[in-house]
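Line by line, the protein sequences are chains A and B.
Under the working numbering, the first residue of the first sequence is numbered 1, with each subsequent residue one higher.
Under the working numbering, the first residue of the second sequence is numbered 1, with each subsequent residue one higher.
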Amino acid sequence: MKPAPFAYHDPRTLDDLLGLAGRLENAKLLAGGQSLVSMLNMRFVIPDHVIDLNRVAGLSGIADTGNAIEIGAMTRQRALERDPVIAAKAPVMQEALRHVGHLQTRSRGTIGGSLCHLDPSAELCAVARLYDATLHVAGARGKRDIAMADWSLGFMTPALEPDEVLTGITLPVWREPHGHAFVELARRHGDFAIAGVGCLVALDGKDTIARAAISIVGIATAPVRLTEAETALTGQPANAATFKAAAVHATKLDCLADAHVSAAYRARLAGVLTERALAIAAARAQGAAHG
Amino acid sequence: MAETRRIRLTVNGRPVEAEVEPRRHLGDFLRQTLGLTGTHLGCEHGVCGACTVIVDGVPARSCLMLAVQADGAQVTSVEGLAKPDGTLHPIQAAFHAHHGLQCGFCTPGMLTTLAAFLAEQPDAGETDIREAISGNICRCTGYENIVDAALAAGKAMRGGS
Numbered sequence: 001m002k003p004a005p006f007a008y009h010d011p012r013t014l015d016d017l018l019g020l021a022g023r024l025e026n027a028k029l030l031a032g033g034q035s036l037v038s039m040l041n042m043r044f045v046i047p048d049h050v051i052d053l054n055r056v057a058g059l060s061g062i063a064d065t066g067n068a069i070e071i072g073a074m075t076r077q078r079a080l081e082r083d084p085v086i087a088a089k090a091p092v093m094q095e096a097l098r099h100v101g102h103l104q105t106r107s108r109g110t111i112g113g114s115l116c117h118l119d120p121s122a123e124l125c126a127v128a129r130l131y132d133a134t135l136h137v138a139g140a141r142g143k144r145d146i147a148m149a150d151w152s153l154g155f156m157t158p159a160l161e162p163d164e165v166l167t168g169i170t171l172p173v174w175r176e177p178h179g180h181a182f183v184e185l186a187r188r189h190g191d192f193a194i195a196g197v198g199c200l201v202a203l204d205g206k207d208t209i210a211r212a213a214i215s216i217v218g219i220a221t222a223p224v225r226l227t228e229a230e231t232a233l234t235g236q237p238a239n240a241a242t243f244k245a246a247a248v249h250a251t252k253l254d255c256l257a258d259a260h261v262s263a264a265y266r267a268r269l270a271g272v273l274t275e276r277a278l279a280i281a282a283a284r285a286q287g288a289a290h291g
Numbered sequence: 001m002a003e004t005r006r007i008r009l010t011v012n013g014r015p016v017e018a019e020v021e022p023r024r025h026l027g028d029f030l031r032q033t034l035g036l037t038g039t040h041l042g043c044e045h046g047v048c049g050a051c052t053v054i055v056d057g058v059p060a061r062s063c064l065m066l067a068v069q070a071d072g073a074q075v076t077s078v079e080g081l082a083k084p085d086g087t088l089h090p091i092q093a094a095f096h097a098h099h100g101l102q103c104g105f106c107t108p109g110m111l112t113t114l115a116a117f118l119a120e121q122p123d124a125g126e127t128d129i130r131e132a133i134s135g136n137i138c139r140c141t142g143y144e145n146i147v148d149a150a151l152a153a154g155k156a157m158r159g160g161s
């Protein structure tokens, strides 16, 4: 299990990177490498060129802009896991990161790598969808923004042209007090999730739900927002009956099946996890509002 | 002859310079180019954790990193945990005292992972330790003694002994 030979490029600037990405045929971009290098080792991918992003200046970092958090594509998962801005403004991302691989893979793995690899069970993709994130892309022909809702073109296929590179992501944060939760079920801790649910819940003063967002991962080729349930939740009392009713929407989703897990099981699991996540998020929202 | 690159890095405190093919991963570089066979390669696709080394202070899988990416880095493999005079690292001493290994195949990865983890969190409890080594597979399933050893090493590292 060794990679086939390839030419290696490690540009130092975004301009040099875009030049290489625009010029080289059959090239793969190397971010954290926690999926790509294993695929190279097993020769699932045999590129002629590997373009390493790790020495390109200006692609990593976390910045608080008030209404949003700006995250560079090469920001390590480990950095996100420990960042005080993420802890204060988007703690659901840190809860999700506890399920992403292991200590050693999070040392190297990046948010941009997760988004571009677009594994159907990738927790960071679910978080990006939960916040209606905007993805920033650069190419030889210029820059453009893509909404996370439009990012997936199909199984593990992001809406990137061959000459384009993901440079960063903007997460619009919720300014009002709210609760969060990320729960998932995997066969073993750190394995790919069978299903996972991230949610945010804001309450008005009387424990009525003012706003809710629910993002489900692992059930389809890309994270799914449970918009019908989000609408139905608004204005309802934050109690068990409300969460149970909302979770019914998740059980009706069209789910993937694989060798181990049937579509029916995934749909049932999506319902259970949605109900559980809403209850945790609402309890935390009550703490945030009254605490 | 495939394209090669000259890299310079520090391995276990010693400067190293070598000519490598870009496709050679760091684990093979340590074992085959440098002869440091303490790093074990199990699955070579990032699942087993046996090949874990410490790169610039953080634990990383050496099978999922190319040697050329370590150009300029500080790498510590299991051979670099003990002091030059042979004094064992607290985690090595604790594995010895608590019988934290059986066949020994996973041991280098367990030791490097825990050495890096406990350096940051010497007061970690059992749950945190189990999570820290969740990416290291021991097929002898000797986890109980490994966790006991990690708890003891944490205590020793807190106490400065």
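Glycine included, every Cβ here is placed at the ideal spot set by N, Cα and C.
Remember, predicted model here, so these are calculated numbers, not experimental data.
| Check | Outcome |
| --- | --- |
| Can you look up residue 142 of chain A in the DSSP assignment and give me helix, strand or coil? | strand |
| Which chain A residues are close to residue 65 of chain B, counting only those with a beta carbon under 8 Å from its beta carbon? | 33, 37, 108 |
| Between residue 76 of chain A and residue 32 of chain A, which are expected to be in contact by the criterion C-beta below 8 Å, what is the C-beta distance as a whole number of angstroms? | 7 Å |
| I'd like to check one pair, residue 13 of chain A with residue 57 of chain A: are the Cβ atoms closer than 8 Å? | yes |
| Residue 179 of chain A and residue 284 of chain A: beta carbons closer than 8 Å? | yes |
| Which same chain residues end up closer than 7 Å to residue 122 of chain A when comparing Cβ atoms and leaving out the 5 residues on each side of it in sequence? | 114, 217 |
| Closest Cβ-Cβ distance between residue 105 of chain A and chain B: below 8 Å? | yes |
| So that I know if they touch, is there some Cβ in chain B lying closer than 8 Å to that of residue 122 of chain A? | no |
| In terms of residue numbering, what span does the beta strand (DSSP E) encompassing residue 154 of chain A cover? | 152-154 |
| Apart from the five residues on each side of it in sequence, which residues of its chain come closer than 6 Å, Cβ to Cβ, to residue 158 of chain A? | 116, 118, 151 |
| Going by beta carbon distance, what residues of the same chain come within less than 8 Å of residue 176 of chain A, once the five residues before and after it are set aside? | 202, 210, 211 |
| Which chain B residues sit within Cβ distance under 9 Å of residue 16 of chain A? | Under the 9 Å cutoff, chain B gives no residues; its nearest Cβ is about 17 Å from residue 16 of chain A. |
| Helix, strand or coil for residue 161 of chain B per DSSP? | The predicted position of residue 161 of chain B is uncertain, since its pLDDT is 47 and thus under 50; a value taken from the coordinates is nonetheless stated next. Looking at residue 161 of chain B - three-state DSSP - the assignment turns out to be coil, as it is neither helix nor strand. |
| Restricting to Cα atoms, I'd like to know which of A/30, A/55, A/272 is closest to residue 45 of chain A. | A/30 |
| For residue 199 of chain A, which option in A/254, A/274, A/192 has the closest C-alpha, if you only look at C-alpha atoms? | A/274 |
| In the structure shown, what three-state DSSP assignment does residue 182 of chain A receive? | strand |
| Of the residues that make up the segment 50-61 of chain B, which ones have a beta carbon closer than 8 Å to any beta carbon in chain A? | 52, 55, 58, 59, 60, 61 |
| Below 8 Å, can you find three or more Cβ-Cβ pairs linking the segment 224-231 of chain A to the segment 242-257 of chain A? | yes |
| Along the chain, where does the beta strand (DSSP E) containing residue 49 of chain A start, and where does it finish? | 49-52 |
| Just tell me which of A/93, A/21, A/164 has its CA closest to the CA of residue 298 of chain A. | The structure shown has nothing for residue 298 of chain A, since chain A only spans 1 to 291. |
| Taking residue 17 of chain B as part of the beta strand (DSSP E), name the residues at either end of that continuous run. | 14-20 |
| Looking only at DSSP bridge pairs, what is residue 8 of chain A linked to? | A/50 |
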